[in-house]
Each structure stands twice: as C-alpha cells, then as structure tokens.
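Same order as they appear, the protein sequences are chains S and P. The opening residue of the first sequence carries number 1 in our numbering; numbering runs sequentially from there. The opening residue of the second sequence carries number 1001 in our numbering; numbering runs sequentially from there. Don't be surprised by glycine CBs; every beta carbon is placed ideally from N, CA and C.
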Amino acid sequence: MNRIRLRSVLLTLLFLALAVIWLVPVLWMIDTAFKPTAFIFTRPPSWWSPEWTLGHFREALQSWPFGRWLWNSLVVATGATILTLLLSIPAAYSFARLAWRGRNLLFFVMVASMLIPWQVNSIPLYFMMNSFDLLNTRIGLILPITAMPIGVFLLRQFFVNIPRELEEAAQLDGASSFGILTRVILPMSLPALGALGIYVFIFTWNEFFWSVIALTRQEMFTIPIGLKALQGAYDIQYGLLMAAAAFTSLPVLIIYLILQRRIITGITMASTEIK
Amino acid sequence: MSTQRSRRARRQITGILYVLPFVLVWLTFLVWPVIYGFYISLWRWDPLRGSEFVGLRNYQNLFSDPRFWNATWNTLEFAAISIPLIVGFGLIFAVMLHNSRFRGKAFVEASLFFPYLLNVSIISLIWAWLVDPDYGILIHALRLLGWQEAPAFLNHPLWVIPLIAIATGWWLSGYRMVVFRAALKDIPQSILESADIDGANGWTKLTRIVIPLIKPAILFSIVLSALSAFSVLGQVLVMTEGGPGRSSEVLALYLYRLGFHYFRMGEAAAVGFLLFLLMLVVTILAFRFLGFESEFERKPGGAR
C-alpha cells in the first residue's frame, strides 16, 4: 500500500518537473523582460535580479505600434474565422447531404488540394493581390486563408455522421433544405463549428508565410510580422525583444487560461479529422 | 416524368448553389494561383521590362545551381531531425499522460501544449536568446551538465539546423500529444484487460497492442509533420536569416529571396513547384509503402 502511494507521489513530482522544465523557455522570456539591461547580461545567467523594471515594455510600446498590430491580428483572425465558417457550412452540407452530379469528384479534388503548400501559391498570389490592390490589406490576408478546404472537409465529415432520421422528420413537416440546415443540422453541430473556429483562429493568428510576403507597410503588420521587424531593428537587445514577445503572448495566455479545456478539445476534434 | 426531371434539375441546382460561394473563393485564391504559378515558372518573369518565355530553363538553371541543392539538403536535414522530435515527444507525452492518474494532470497537459499557441516569431526570439553565445541560459546549463565545449549553436554551420529543429520540436510536439491522446482514448479497454489476464506487462502492452493500434495516427502525424517541415520559413528567417553563411538557408527561404530580394520570379515559382513535387512524392510513398490505406479503408472489426 505504502509503496503504491510512494510511487504515485514520485510520479506526480516527475510530471510536474517535466511541465516546469518544458516551460523554462517561456519563464525565461518573462524573467528577462522585467530585468534591467545590466542584469540581463550577466555571467553566469541568473533568475534573480536585484532590481526589476517595466522599462523594456514602456520602450517597446512607445516606439512600435503594438496596439495597432494586435488589432490587425485580431481583425484578420476573426475575419478569417467567420468567413471560413460562412462559406464552409453550406458547402459541407451540400457535400454531405445533397445529391448532385459531380459532387464526389469535386470533393475529391478539393481534399487533394489541401496538400498544396503556400510556396507554390505565394508568388502568383503576390501578383494577383497586387493587381487587385489588396497587398497590405486585411482582406488580402484573409482571402487566401479562407480558400483552404480544411473547413469544408472537417464539417462534411461531421455532418455525414448525423443520423438522417432527424432530417426526414423535418422533411415530412415540409422543411426546405435551408430550413433543415439551419434548424436541424447546425444546432447539433455547435461543437464541430467551435472546433473549426478555434482551429482557423489559431492558424490565422500565427500565420507567417503569406503575411510576410503580403505585408510591407508597418501599420498593416500582424503580430508575427511586427516581431520579426523588431528583431531586425534591435538584434540583441534581449530585454526589449523579450518584453515585446511576452506582451504579445499575453492575450494568448489569458484566453488559454480561461478556455483551456475548450481549446484542447477543439483542437482534438479538428485534429482527429485531419490528424 | 417531366416533373421528376425538373425536380432532379432543381436538386442539381440547389446542390451547386450551396457549394458555389466557397468554390469561387477556392478557385480564385487556391486553384488558379497554382496554374498561374506554373505559367510564371516557364518565363523569365519581368512585369516591368517585359517577360520572355524560356520553357523549362528555370528548372534546368536550378538543377545546376549549387545554392538550390544546398537549400534542398538543409530542408531535408531539418525534416529528418524535427520530425522524430515532434512525433517522438508527442507520443511519449501522450502515452505517459494516458497511463497515469494524479492530481495536477490537467496542469501538466496544459503546460506541454502551451508552446503550440505561441507564434513562430515568439518562439524564434526566445530560442535565439536561450542559446546566445555569451549569455544564453541553455548554453550555461549545458556547461554545468558537463558539456564544456557547448557550441554557439546558431553561429555554427553544423549545429544551426539541429538547434532550429529542436526549437521546432519544443514548439509543435504538444499538438501531436493532443492528437495521440485522442487516438489512445479510442483503444477499447477490453483489449487491454484481456492482455492483463494473459499476464502482459506494461512494456509488452505498449509495444504489442497500443502502438500497433494507433499506427495510423502515427503515420499520419509523420506525413503531416514532413509537409510542414518542408515548408519551414519563419524560424529560419527570424533566428538566422539562413546563416551562418548559407548553412541554414532552406528551400522556402531561397524561394523568398529569389522572389522578393532578387526579383527572379520565374525561378522562385519553379522552386515552389519543385518543393510541391517533393511533398507529393513523400505523400504518395507514405500511402503506398506505410500501409496508409488502413486509415481510409479500415472496416469495423477489420483491425490490421
């Protein structure tokens, strides 16, 4: 009995140690962000500092438009999420439930196109967006992300598994296909819609490849692109860089603390469909 | 008869109308750029002074360009190191968490997953600071652990790609952990219980039952990690800009520079296509040789 108890205590300690070690890079970022420069560059490096400061945060926020960048990131990620949901829901429903010629072929081509990487698209997209005057705009960032078939794929897999009996009952009551979609299918699909939404939001929030090509004007930067510019400007001023990194991960951390279970289950749902 | 036909026509139209908005966006911003990209790759592309059709010469130029082969090699090296790290750590964490119950488990899972939520610039800045040659805490820790000659990883031609791969493993393995945990939860408890009755120990259960049962998830993870490893750009751009020299210049970075530093768009588009081809080959090989079809064709009860 005692041996089992001891084992479980040891196991718990082992796991907690692992979790803390895994977070060391993040903790070190936060630690560095609050230290005056003189105590950042010490040998050996030390977690403790005789003084703490908000100076790096102040300097970063005063010299760079972080508020604007956060706002851009938020608008782009929200926009891409909403647009993906709006476009994917009817398409997924049609692929799952409506019978029409060419449906399966089109779906197959669409799934295959999920393999296409940004590298193939980025150069032609750059010229296209340039001629539409959409470089350095939020909608220009959103549209190529929305064109990814992942949402249609995920929702279609979910819709297919909804029992047909429910729709047949609604059909007998004279509901149209639109009525069935909005009143029968969608209310049952809230977890899947949430999962897709979380997935697209995180993807867009962290998107780098297309953004770094499409954005050249500083006031249109999103967070990842802004941080890259900062790194180019400050090179090894790690106090300021870590303050900027910590400040921009703060929204993510707060949302994660509140919605942790939902985010992990959402990612689980999305990922078990795509793997 | 005619009413039936008109009903069928209406069904056809309804079905298409539902997919139409998405299909238009998909055609415009995903399908068309691929075709247009291939077209660009056949030209010495110069929108200002006029382009010249060169056929496959851009591709030929790349094949005789040592810088292209260097970038290809670096990309493959990055993939070869990062994929085992991402999938391996993800699998180990998932199995460990799955098989144990203790207070604080949710905290541990949340901590291991957290790095995935940070964007690529943040993790790159953090890791560049961790391995700073003079003041990096990781270098200091390695020296304390007895590796006196710990190199300045990011300034070292042999260590730069492994270090970026390690940082990527730290960043992405939490996501794989979540995927594997979902797969583990699908294993019927009864199978493990009957193994218990047969007297199987933990290791046997893991290697003989658990791993074979989640093999499809593992294979899928490997392929998806490979695809994302082939397109690595952000980490390299922020941490080293391809340096020292060109020892961490990967294909995506070479493409980016060809296109937007040297304005050789035709060749850049050609690199994109070759990268796509590489991904296609890997995916097809995985499907053919790794027993992939099980994921799609697995029938209830027909475990392989």
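Around the C-beta of F95/S, 16 or more other C-beta atoms lie within 10 Å, and the residue is accordingly described as buried. According to the DSSP assignment, G232/S belongs to the alpha helix (DSSP H) that extends over I223 to Y234.
Contact between A1128/P and V1250/P is ruled out by a C-beta separation of about 17 Å, above the 8 Å threshold. With a cut-off of 8 Å on Cβ pairs, the stretch 1053 to 1073 of chain P is not in contact with the stretch 1214 to 1230 of chain P, counting fewer than three such pairs. The Cβ of Q1012/P sits closer than 8 Å to at least one Cβ of chain S. Using a Cβ-Cβ cut-off of 8 Å, Y1262/P does not count as an interface residue toward chain S, since no Cβ of chain S sits closer than that to its own. Contact between A244/S and L230/S holds: their C-beta atoms lie close to 6 Å from each other, under 8 Å.
Between R156/S and chain P, the shortest Cβ-Cβ separation is not below 8 Å.
In this chain, the alpha helix (DSSP H) harbouring T84/S covers F66 to R97. P224/S has its alpha-carbon roughly 23 Å from the corresponding atom of G1136/P.
In the DSSP annotation of this structure, the continuous segment of the alpha helix (DSSP H) that includes R1181/P starts and ends at V1160 to K1185.
Less than 8 Å divides the Cβ of P144/S from the Cβ of W210/S.
Rounded to the nearest whole angstrom, the CA to CA distance from I123/S to G1259/P is 7 Å. Counting the other Cβ atoms within 10 Å of the Cβ of N121/S gives 16 or more, which makes it buried. Only those residues of the stretch 115 to 144 of chain S whose C-beta falls short of 8 Å from the nearest C-beta of chain P are listed: L115, I116, P117, W118, Q119, V120, N121, S122, I123, P124, L125, Y126, F127, M128, L143 and P144. Taking F1180/P as the centre and dropping the five residues before and after it, the same chain places the C-beta of G1090, L1091, A1094, I1214 and A1217 closer than 7 Å to its C-beta, in chain order.
Within the same chain, Cβ atoms closer than 7 Å to the Cβ of M129/S are found at L135, G140 and A214, the five residues on either side in sequence being excluded. Residue pairing from DSSP places F1053/P in a beta bridge opposite W1043/P. Assigned with DSSP and collapsed to three states, I116/S falls in coil, not helix or strand. Pairing S1111/P with A170/S gives a Cβ-Cβ distance that is not under 8 Å. Under a criterion of Cβ atoms nearer than 7 Å, the residues of chain S adjacent to H1140/P are, in order, P44 and P45. S1100/P has its alpha-carbon roughly 16 Å from the corresponding atom of R3/S. For G1234/P, the closest Cβ of chain S is nearer than 8 Å.
For G179/S, the enclosing alpha helix (DSSP H) stretches over residues S177 to I180. Assigned with DSSP and collapsed to three states, P25/S falls in helix. Taking all protein chains in view, the Cβ of P25/S is crowded by 16 or more other Cβ atoms within 10 Å, so the residue is classified as buried.
Taken atom to atom, the span from the alpha-carbon of R1010/P to that of V212/S is near 45 Å.
Neighbours of S94/S in chain P, taken as residues at a C-beta separation under 7 Å, are given in chain order as G1015, Y1018 and V1019.
Chain order gives the chain P residues near N206/S as N1119 and V1120, where near means a beta carbon separation below 7 Å. The beta carbon of L1237/P is closer than 7 Å to those of L1253 in its chain, skipping five residues each way along the sequence.
Under the rule that a run must span 4 or more residues, the alpha helix (DSSP H) segments found entirely inside the stretch 30 to 71 of chain S read 37 to 40 and 55 to 63.
Residue-level contact check: Y1175/P touches chain S, since one or more beta carbons of chain S fall below 8 Å from its beta carbon.
G1242/P sits away from G1037/P, with the two beta carbons spaced by 8 Å or more. Not a single CB atom of chain P sits nearer than 8 Å to the CB of Q218/S. Going by beta carbons, E219/S and P65/S fall inside the 8 Å limit. Annotation: Cβ neighbours of V1179/P in chain S (cutoff 8 Å, chain order): T268, S271, T272 and K275.
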